[in-house]
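See below for the structure under consideration.
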Amino acid sequence: MIGSIGAESRYSTGYNNLKPNRNQNKWADTLAQTVDKEDISSRADINRAKKSTVMDSYLALSGKTINTLKQEYSEYESENYRIVPDNEAECFDIYNKDGERLGAFSYSDIKIRQDETTGKQFLISEHGTMSYDALVLDDELKDALQNVMDKDSLDVETLQGFTLNTHSGTGIQYLVKDGEEGRGGKVLLQNEADRKRYEELAEMYFDKYPNLIESREESFIWADLEIRGMAKRTDQGIISIGADGMSYSDNENYKNNWSVRFSGSMYEKLYEWLQNHKDSMEEIHKFSTWQNVFDEIGGTYERVWSKEELDQGYLNN
0 MIGSIGAESR YSTGYNNLKP NRNQNKWADT LAQTVDKEDI SSRADINRAK
50 KSTVMDSYLA LSGKTINTLK QEYSEYESEN YRIVPDNEAE CFDIYNKDGE
100 RLGAFSYSDI KIRQDETTGK QFLISEHGTM SYDALVLDDE LKDALQNVMD
150 KDSLDVETLQ GFTLNTHSGT GIQYLVKDGE EGRGGKVLLQ NEADRKRYEE
200 LAEMYFDKYP NLIESREESF IWADLEIRGM AKRTDQGIIS IGADGMSYSD
250 NENYKNNWSV RFSGSMYEKL YEWLQNHKDS MEEIHKFSTW QNVFDEIGGT
300 YERVWSKEEL DQGYLNN
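Going by numbering that gives the first Met the number 0, 151 is the number at position 152 of the sequence shown; the sequence numbering is gapless.
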């Protein structure tokens with residue numbers, strides 16, 4: 000049985016209710032902003048996407064209603080999956096045997112997307128800008144989808160527009176939409192070994208940074224971000240990296256925190272540079288280290304002053 004970590008998994012159900020860090024509100028703001036970009040209602044986006052389509056126009060001209068062509072499916076349950084259709088939104092909510100919601104998948108997206116390199120097969124449904132659900136398809140889930148849709152087989156196409164990556168520290172794979180490396184992605188927990196490594200990484204965050212992480216739920220969020228390349232651990236604190244900037248939060252002394260804002264094009268340069276140099280960097284908790292990187296790759300950025308830096312009258316370096 001497999002799963003993906005997303006906005007509604009059991010490890011990330013309270014993104015918008017995280018407590019601010021007692022030392023600095025910027026830490027919680029950075030976390031909330033990072034997650035808010037992903038925390039989109041899948042079903043609402045699917046409903047919006049169904050409006051004002053070419054088919055709607057055709058049906059209106061022909062005197063028919065959209066309901067005459069809607070497909071009606073019934074709930075289906077296998078040993079490890081439960082598939083719940085929403086015939087109004089025209090999507091399936093898929094749950095695992097523990098009741099965890101794995102994602103919402105539009106009826107039109109129920110097809111196999113196969114990675115040519117690994118042979119892995121995926122179920123992917125996009126719900127709008129930077130929002131998508133993805134699962135690795137196993138035989139049981141394929142059979143369940145075929146049964147609920149009364150099909151002999153699912154259509155197969157080559158995976159395009161997405162890249163399958165592997166987190167070096169845990170070996171856990173994640174799927175990311177090309178060009179949106181700094182904005183999202185889906186962690187793919189494909190077996191119990193993956194789930195155990197994911198939980199161990201979250202536990203490491205919780206134990207190592209008690210002044211930054213106030214709950215185990217937050218530690219799972221940061222484990223998820225690290226796997227997707229959007230967080231880095233240091234001996235002193237945590238660096239968060241996204242398409243619109245990066246920041247550092249120190250576990251021992253919040254006065255060492257720093258933050259920088261940049262454009263998506265700047266992030267693309269930084270992302271490319273990190274692919275070849277991330278394992279050789281030292282003292283990454285210092286802004287001066289990253290300033291040298293920025294100077295090397297070119298582009299512009301803006302330092303964002305924290306309250307503590309304003310009070311002390313100078314930026315941390």
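Glycine is no exception: its CB is placed at the ideal position from the N, C-alpha and C atoms.
The model shown is predicted, which means the values in this text are computed figures rather than measured ones.
- The C-beta separation of I226 from D193 comes to about 10 Å, leaving the pair out of contact by the 8 Å criterion.
- By the beta-carbon neighbour count (other beta carbons within 10 angstroms, threshold 16), S107 is exposed.
- For E74, same chain residues with a beta-carbon under 6 Å away, outside a window of 5 residues either side, are V83 in chain order.
- Every beta strand (DSSP E) of 3 residues or more that sits fully in the stretch 90-173 is shown, in chain order, as 90-95, 100-105, 111-113, 120-127, 130-135, 155-157, 161-165.
- Here Q120 is buried: its Cβ has 16 or more other Cβ atoms, across all protein chains shown, within 10 Å.
- Taken atom to atom, the span from the alpha-carbon of I238 to that of Y270 is near 14 Å.
- With 16 or more other CB atoms across the displayed protein chains lying within 10 angstroms of its CB, M229 is buried.
- Within its own chain, the residues whose Cβ lies closer than 7 Å to the Cβ of L163, once the five positions on either side in sequence are excluded, are D114, T117, K119, Q172, L174, listed in chain order.
- For the pair E89 and D151, the Cα-to-Cα distance works out to about 20 Å.
- Taken in chain order, the complete beta strand (DSSP E) segments of 3 or more residues contained in the stretch 224-305 are 230-232, 236-241, 244-249, 257-261, 300-302.
- A distance below 8 Å between beta-carbons, with the five flanking residues on each side excluded, links G263 to the following residues of its chain, in chain order: G181, A242, D243.
- Of the candidates S279, F219, E307, Q159, the residue whose Cα lies closest to the Cα of E199 is F219.
- The DSSP-derived three-state label of K176 is strand.
- The residue among Q159, I212, Q70 with its C-alpha nearest the C-alpha of G178 is Q159.
- Nearest C-alpha to Y131 among L122, E267, Q274, E308: L122.
- Taking D154 as the centre and dropping the five residues before and after it, the same chain places the C-beta of K110 closer than 6 Å to its C-beta, in chain order.
- DSSP lists C90 as the beta-bridge partner residues of D85.
- For the options F91, R196, G236, L101, the alpha carbon positioned closest to that of Q145 is the one of F91.
- Assignment of Y197 by DSSP, reduced to helix, strand and coil, places it in the helix class.
- By DSSP's assignment, Y75 forms a beta bridge with I82.
- For N210, the CB contacts under 6 Å within the same chain, skipping 5 residues up- and downstream, are N250 in chain order.
- Secondary structure of L309 (DSSP, three-state): helix.
- Of the other Cβ atoms in all chains shown, fewer than 16 fall within 10 Å of the Cβ of I296; this residue is therefore exposed.
- In the three-state reduction of the DSSP assignment, Y208 falls in the coil class, being assigned neither a helical nor a strand state.
- Taken atom to atom, the span from the alpha-carbon of E87 to that of Q70 is near 9 Å.
- The Cβ atoms of T169 and Y197 sit closer than 8 Å to each other.
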